[in-house]
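Protein chains in written order, with our numbering: chain B, 1245 to 1665; chain P, 60 to 421; chain Z, -1 to 322.
So the structure is just underneath, and the comments pick up after that.
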Amino acid sequence: MRRRVRTILLLTLKDLRRRLADRLALALNLAIPLAIAGTMALVFGSRPGEEPQAPKLRLVVADLDGTPATGIITGASQNQEAAKHLDVSVAATREEGLSHMRDEHFAALVVIPKGFSDAMLSGRQATFEVVKNPAESVMPLVAEQGAGIAALYLSTGRRLLGDDSKTLAAMLQGDDWQDSAAIAALATTMYARVHGAGNWLFPPIIGVKTEQKAAGGTNGFNFIAWMYPGLIVMGLLYVALMQMRDLLRERRSGTLRRQLVAPVSVAEVLLSKLLAVAAVVAVSMVLLLAAGALAFHIDWGAPLPLLATAAAIVFTTTGFAALLYSLVTTERQGEAFGGILVMVMSLLGGSFVPPQVLPGWLQSISRFTVSHWAHDALRWIVAGGGWSDIAQDLLVLAVLGATFIGIGWAGLSRRYARGAL
Amino acid sequence: MGIHELRLAMRDPGSIFWILVAPFLWVFFFGFINRPDDPTQVRIGLGVVNEDGSAVAARLVSHLRWEKFELVVAESAGDLPAGERAPSRTLTIPKGFHEALERHEKIDVILHEGENANPDATFAVQLALHRAIVRLLADESFGPSRPEDDLVRVTSSYAGRRAIPSGNAQTVPGNLVMFVLLVALSSGSAHIAHERKSRILSRLAASPLSRTELILGKLAGRVVTSVVQVTLFVLLGLTLFHMDWGSSPLGLALVLTSLVACAAALSLLGGALFASPDAAAGVGVTLSLVMSALGGCWWPAEVMPPWIRTAGHVFPTAWAMDGLHQIVSWGGGLRDVLIPSAALLAMALAAGAVAVRRLRFD
Amino acid sequence: MSPGSRVAPPDRARETPLVVDDIRFAYGKTRAVDGVSFEVRAGEIFGLLGPNGAGKTTTISIISGLLPPESGQALIFGREAGGASGASRARMGVVPQEIALYEELSAIENVRFWGRLYGIRGAALEPAVRLALARAGLAERAKERVSKLSGGLKRRVNLAAALVHSPDLLLLDEPTVGIDPQARLHILDVVKSQAREGRAVLYTSHYLEEAEQICDRIGIVDHGRVLAIGTVAELKRLAGEGPVIHLRGEIGVDRLQEMAGRLAGVSLLGSSGGAASFAALDAAACSALVRDLFQSGLRVEDLRIQEPNLQSLFLKLTGRELRD
């Protein structure tokens, strides 16, 4: 027994020493999930407790009406508060605005037609136009929705002004604008109205408080804390496959045959291969968890549940790699089929889109993937979950890992018995 | 040599996967997930817990119905459906709601987003709630109204060729650009490194071909492979994903040709710089993913901070996406893609120049 | 000396380092080994000589326990080669045809690993490693990565890795393929020294010069069968006293067969593509053949007379050149 343990240790350490001799390859294995996460943090990242910074809405406004009323509207969009969320550029004509939008990547063009303010103040229907940038997907819709809100406020404001709006319209069109007494009277009336109903309308006295059960254990969606566990799982699957590929590399170079000719059993050789792969996957796991904590400020919660989850994931990903390489005969086949499987599992398991976005039937299929259970366990860990939250995930991962290793082992042993290992 | 390179690629299961299978799996998945719904028919599920029970709270619920929420209303959270039928979002109108309004005191309604709530709908939900609240307050101030009575209306449309651009207009071009670069920078570079390591390159160098012919031959190999990829994307985009590739075949061809040239040059550069095929592939994959992310292939460019959107133009991906959007989204022509194509060709020249200097055959 | 079953009696089997008894193996429909039997004694170098595809490597694989024979057995010091116990394999050193080394590790790291794997522990390991490297002439290059070494040096490391545990039986599968003459000579010297130290050596090759140079006995194999076994001298006698005549020219097969039938002591060994070989029983028969050729008016472009050797024996046994 001691001899067996020594032999297994010798073979495993040999493989680890070989990995360390090619550090670049090892580093590149880990670079991919870190690079993706880093890029996402750059684009979307925010620290826990901070509100995620939404991109500014970039609008072109073509005010064809040109009245002080519309001037107030366009001016309001450029005040200090609004400037935090809006980036507004002014165009003289619709065509100029369209050209601006296309060349300078504005989300939308708002066209206030001639006669708009007169129609609105006179109680007639007034329509303004939003032209959306077809090359953008998100912000034009935000602009459209925002315009809808603005229209609602304008309509409400018109209701607030009541008959005084007609007086205001007449003043804007005619010379009464010079009559200071008329202005003062109008201002007094408007003030009374605004002070009354406007107090609870602008801004609305009813607020919306949002509570989210989100990753990171905080109220507030931490994008990276949601996305990163999925990237870890995907990254570890690839690491496991890259490492297990060594089995076929050794077969090709002849060193596997040489080991099998030596006084060691095939079981010792296979077990040492699994241990070496698991060791590298475990180190990768530690590095990815550390990067998550240090670079992306993810709180991985209590150590013991994290350790158990990490061990389960290492076990299962190693088993998955063993199964795959017991079925393929060349390294290139392993890369191709492994790539397909990892990609499909990652897509279905929540590494790229939240599982709840998937249709129900796809969500059902995803439960058959390693990624689903591994991702779920890690997200529970990040959300501050405990043993009861991850128990089912760990059990499924353990069963999957044992099954994969069992089938992979049997396949490789059969291959050895045929002399094809 | 170009055809020979393609033949080698088609014998390699890994290359077949990344050229023929993976891109369409990706596009199909994301196209399926992101397929655009008719916005007039989308209804978002919302559970409402009306703890207040007052008439004004009931009027708020009415306004929520006008905002096209699919409502489930209850007096307490426990009365809402549970399990699989539980609403992913709930709005709680707290006790004391109407009294606070009567006293003109600020009061919050609480929107709870469950873990199964689709985050893509969050913003729309918040805006719809805001509209319902403004309508309620306006009605409380000035009397009841209906949305069709609003004085100020908005008409909206898209510039460009189509009434409603499809989600595929972002997904398909983005994946085309990403996978062309991914294959070129990973297996393309690795293949050249492998040929040098296995002495095939030195064997080629000992042949009657000149160094120039050899390099052009290697580039041709990458170009042929990329052209196959691009052609498949365009054809399958047309047939499977109902992509509208614009009205300027010349413009489209110019952008795609420039992209292919750039990818080929970068592939040669990767093969020149790395001795190990594994290193070439690993760096190539990492770089192409980062470039794709920052160039707007993965998500609409406008969601990125402006400085990243600008800085991303050091990568060919951003220029390629700019050019494709001009053709696909704006319906532009040849003139509209001159600048992005020129940028891509300039990058191709620069990468190619470095690669030619650094490429060793031994 | 004829090929055939040469199974040692049970008592002798335990002493004889290697006994191969009527082993058979097929890859699908291709019979790779078809009833091969021989034994290798302590202190001798037994050569298995044959062209590519003759079954040499398959035979080595069966002996080293990698392939289970369909029938027959290979016994190493009386134990089955493929047995679960590693005891027989521990006394065996294998130098595979491919350079089965870890390119990322240095020469000494490779040899050290294989030494440990073969059970050398503790204080005995380093001296054994250094001795193996010294024997292979690698003392000064021991710390270099295998990937940086030339082909010849890699072959030497390949050899050192098999010698480190001082095996009683050494199997070498074409250990000099693709290396320069100097490196080849060095390896051959090392192999000879191993036999001198009392080890049994099984040496496979398709280079007959090598086999003639170092082997005590040789088994000639082709298509999975041992065609002849014996010492070099015995095999040469089997090849006959007379020479082999090789010629090339515009010669029809019918004419050649007619000539061989007419001349006493001359037999046609084979012909193809304008080349033919005759065996002559003695010098007189050889002269008669040459005279007949020139008198026949046939257009002979090249004529070579070869004294009997293993090449001519192979030709005689198989109708083909050893290098075909």
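We put the CB at the ideal spot given by N, CA and C, even for glycine.
It should be emphasised that the depicted structure is a prediction, and the values quoted were computed from it without experimental measurement.
Check, Outcome
"Proximal chain P residues relative to B:L1492, where beta-carbon distance stays under 8 Å", "None at all; the shortest Cβ gap to chain P is about 13 Å."
"Contained beta strand (DSSP E) runs [length at least 3] in the segment 342 to 399 of chain P, N- to C-terminal order", "none"
"For P:A136, the nearest candidate out of P:A145, P:R70 and P:F128 (CA to CA)", "P:A145"
"Where the alpha helix (DSSP H) containing B:Y1569 begins and where it ends", "P1547 to L1571"
"Closest by C-alpha distance to B:T1283, when choosing among B:L1519, B:A1664, B:G1310 and B:I1468", "B:I1468"
"Closest Cα partner of B:P1357 within the set B:G1390, B:Q1369, B:D1347 and B:L1641", "B:Q1369"
"Neighbour flag for B:H1619 against chain Z, beta carbons, 8 Å", "no"
"Rounded Cβ spacing between P:S215 and B:E1388 (contact assumed at less than 8 Å)", "5 Å"
"Cβ neighbour criterion (16 or more within 10 Å) applied to B:Q1636", "exposed"
"Cβ contact (3+ pairs, closer than 8 Å) linking the segment 1510 to 1517 of chain B and the segment 103 to 121 of chain Z", "no"
"Residue burial classification, B:D1309 (beta-carbon count within 10 angstroms, cutoff 16)", "buried"
"Proximal residues to Z:F52 (C-beta, below 6 Å), its chain only, five neighbours per side dropped", "Reading the sequence as shown, one finds Ala at residue 52 of chain Z and not Phe. Contacts found: V219 and D220."
"Cβ-based burial, P:W378 [other Cβ within 10 Å; buried from 16]", "buried"
"For Z:L200, the first and last residue of its enclosing beta strand (DSSP E)", "A198 to S203"
"P:V283, DSSP secondary structure in three states", "helix"
"Helix, strand or coil at B:D1331 according to DSSP, with G and I counted as helix", "strand"
"Spatially closest choice to B:A1208 from B:T1613, B:A1506 and B:A1618, by CA coordinates", "As shown, chain B starts at 1245 and ends at 1665. That puts residue 1208 of chain B outside it, with no answer to give."
"Chain-order list of residues whose beta-carbon lies under 6 Å from that of P:G329 (same chain, five-residue window excluded)", "L244, S248, A339 and G343"
"Alpha-carbon spacing of Z:M257 relative to Z:L296, whole angstroms", "12 Å"
"Partners in chain C for P:W389, counting only beta-carbon separations shorter than 8 Å", "In the structure shown, chain C does not exist; the protein chains are B, P and Z."
"Exposure label - B:D1620; buried when at least 16 CB within 10 Å", "buried"
"Local conformation of Z:S104 per DSSP, three classes", "strand"
"Endpoints, the beta strand (DSSP E) within which P:A136 is located", "That residue, P:A136, is in no beta strand (DSSP E); it is neither H nor E in DSSP."
"Under 7 Å from the C-beta of Z:Y100: neighbouring residues of chain B", "R1262 and T1499"
"Boundaries of the beta strand (DSSP E) in which P:N109 is found, first to last residue", "I103 to N109"
"The segment 1362 to 1377 of chain B touching the segment 1323 to 1337 of chain B, judged by at least three CB pairs closer than 8 Å", "no"
"Contact with chain B by P:T316, beta-carbon distance below 8 Å", "no"
"At least 3 beta-carbon pairs within less than 8 Å: the segment 304 to 315 of chain Z vs the segment 187 to 203 of chain Z", "no"
"Z:S275, DSSP secondary structure in three states", "strand"
"Interface flag, B:L1656 vs chain Z, CB-CB below 8 Å", "no"
"C-beta neighbour in chain Z for B:K1258, strict 8 Å", "yes"
"Chain B contact for P:H253 (CB, 8 Å cutoff)", "no"
"Beta-carbon contacts of Z:H244 that lie in its chain and below 6 Å, excluding the five residues immediately before and after", "S275 and R302"
"Within-8 Å CB hit, B:K1453 to chain P", "yes"
"Stretch-stretch touch, CB-based, cutoff 8 Å, three pairs: the segment 260 to 279 of chain P with the segment 74 to 86 of chain P", "no"
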